[in-house]
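In the numbering used here, the protein residues as written are 74 to 362.
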Ligand SMILES: [Zn+2]
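Below, the structure is given as structure tokens:
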């Protein structure tokens with residue numbers, strides 16, 4: 074699969090690790106989707122910390138981002154599995170090409186992307202965070218914004234239950250059909266706290282859980298807490314945190330931009346406008362509280 078090696082841009086040793094794992098560890102039912110995803114992208118850029126793309130991802134507060142047909146993914150220097158998981162996730166989106174007409178299309182799309190990654194064995198990366206979220210949600214506490222429930226928590230809760238199903242048959246039965254997705258999930262006999270958590274998360278995004286065979290509960294909405302900041306920093310290494318801290322300092326004191334970024338000036342200069350826009354946005358949102 075020479076094409077894969079050619080499409081991944083990064084240090085040779087990193088390219089080798091990524092390409093080898095993606096191909097050799099691919100579960101047979103997921104592999105065709107990874108190949109299809111690869112056909113649909115022109116490049117996968119492995120963004121090292123303190124490089125142009127590393128900074129770019131830091132200002133997007135993301136570990137992965139797809140721009141047109143290029144996937145930019147943060148190269149986690151401490152645990153490369155996060156990088157691999159993100160690539161599997163993004164390639165699955167690219168393979169399925171699901172159009173988002175409703176929020177349920179988004180949930181289905183994200184669930185399948187997480188499921189592909191979980192089937193590779195990357196569920197372990199998300200298990201702790203997932204457990205924490207389920208623990209709160211099952212106590213009827215909603216501590217997240219709707220978009221976080223739609224894009225992250227609901228998909229992960231459902232995907233976790235589907236890891237033993239054949240990926241192709243899940244894809245075939247759930248695209249455009251959220252009821253099929255939840256009934257497959259219920260057939261996997263999820264634990265009681267998972268069911269309560271999913272029911273509460275569905276209520277919180279305006280759906281009636283009873284439509285999907287789940288009991289409805291009363292929930293209380295928690296004001297914004299540290300939970301969602303944690304998710305932003307999930308899957309990153311110390312260098313990413315360091316870049317983030319440098320940006321935070323600039324947010325506090327924009328006049329220091331040049332001084333603080335000078336060690337990486339060649340890398341940041343081409344994206345200076347993006348950095349400045351981010352600083353301005355962050356200052357504006359902190360003024361507004
Ligand atoms: Zn996604």
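Virtual Cβ for every residue (Gly too), placed ideally from N, Cα, C.
Alpha carbon to alpha carbon, how far is residue 271 from residue 251? 13 Å
Suppose you measure from the CA of residue 320 to the CA of residue 334; what does that come to, to the nearest Å? 9 Å
Among all residues, which have a Cβ less than 6 Å from at least one non-hydrogen atom of ligand 1, and in what chain order do they fall? The set of residues with CB atoms less than 6 Å from any heavy atom of ligand 1 reads, in chain order, 162, 166, 183, 186.
Mapping the DSSP letters down to three states, classify residue 294 as helix, strand or coil. strand
Between the C-alpha atoms of residue 158 and residue 95, what's the straight-line distance to the nearest angstrom? Approximately 9 Å between the Cα atoms of the pair.
Please classify residue 180 as buried or exposed, where buried requires at least 16 other C-beta atoms within 10 Å of its C-beta. Residue 180 is buried by the Cβ-count criterion.
Are the segment 230-241 and the segment 136-149 touching, with three or more C-beta to C-beta distances below 8 Å? With fewer than three CB-CB distances shorter than 8 Å, the segment 230-241 does not count as touching the segment 136-149.
Ligand 2 heavy atoms versus the CB of residue 155: any closer than 8 Å? Judged by which ligands are present, ligand 2 is missing from the structure shown, whose ligands are ligand 1.
Using the C-alpha atoms, what's the distance from residue 343 back to residue 313? Cα atoms of residue 313 and residue 343: separation of roughly 19 Å, rounded to the nearest angstrom.
One question on the structure: do residue 255 and residue 286 come within less than 9 Å of each other, judged by their Cβ atoms? yes
Candidates 350, 198, 98, 154, of which the one nearest residue 87 by Cα: 154
Nonlocal neighbours in the same chain, by C-beta distance under 8 Å from residue 80, ignoring five residues either side: Cβ neighbours of residue 80 beyond the five flanking positions: 111, 114, 115, 116, 117.
Mark residue 75 as exposed unless 16 or more other C-beta atoms lie within 10 angstroms of its C-beta, in which case mark it buried. exposed
State the CB to CB distance for the pair residue 145 and residue 129, rounded to an integer number of angstroms; the pair is presumed to be in contact (CB under 8 Å). 7 Å
Does the Cβ of residue 331 have 16 or more other Cβ atoms within 10 Å, making it buried, or fewer, making it exposed? exposed
From the DSSP output, in three-state form, read off residue 117 for me. strand
For residue 319, which beta-bridge partners are listed by DSSP? Per DSSP, none; premise fails for residue 319.
Where in the segment 192-226 do unbroken runs of the alpha helix (DSSP H), each at least 4 residues long, occur, reported from the N-terminal end onward? Note on the segment 192-226: whole alpha helix (DSSP H) runs with a minimum of 4 residues are 196-210, in chain order.
Since residue 347 contacts residue 82 with CB under 8 Å, what's their CB separation in whole angstroms? Their Cβ separation, rounded to whole angstroms, is 19 Å, which puts residue 347 and residue 82 out of contact at 8 Å.
So the alpha helix (DSSP H) residue 160 belongs to, where does it begin and stop? 153-169
Rounded to whole angstroms, what is the Cα-Cα separation between residue 322 and residue 122? Distance between the alpha carbons of residue 322 and residue 122 is about 18 Å.
Straight-line Cα distance separating residue 293 from residue 213: 6 Å
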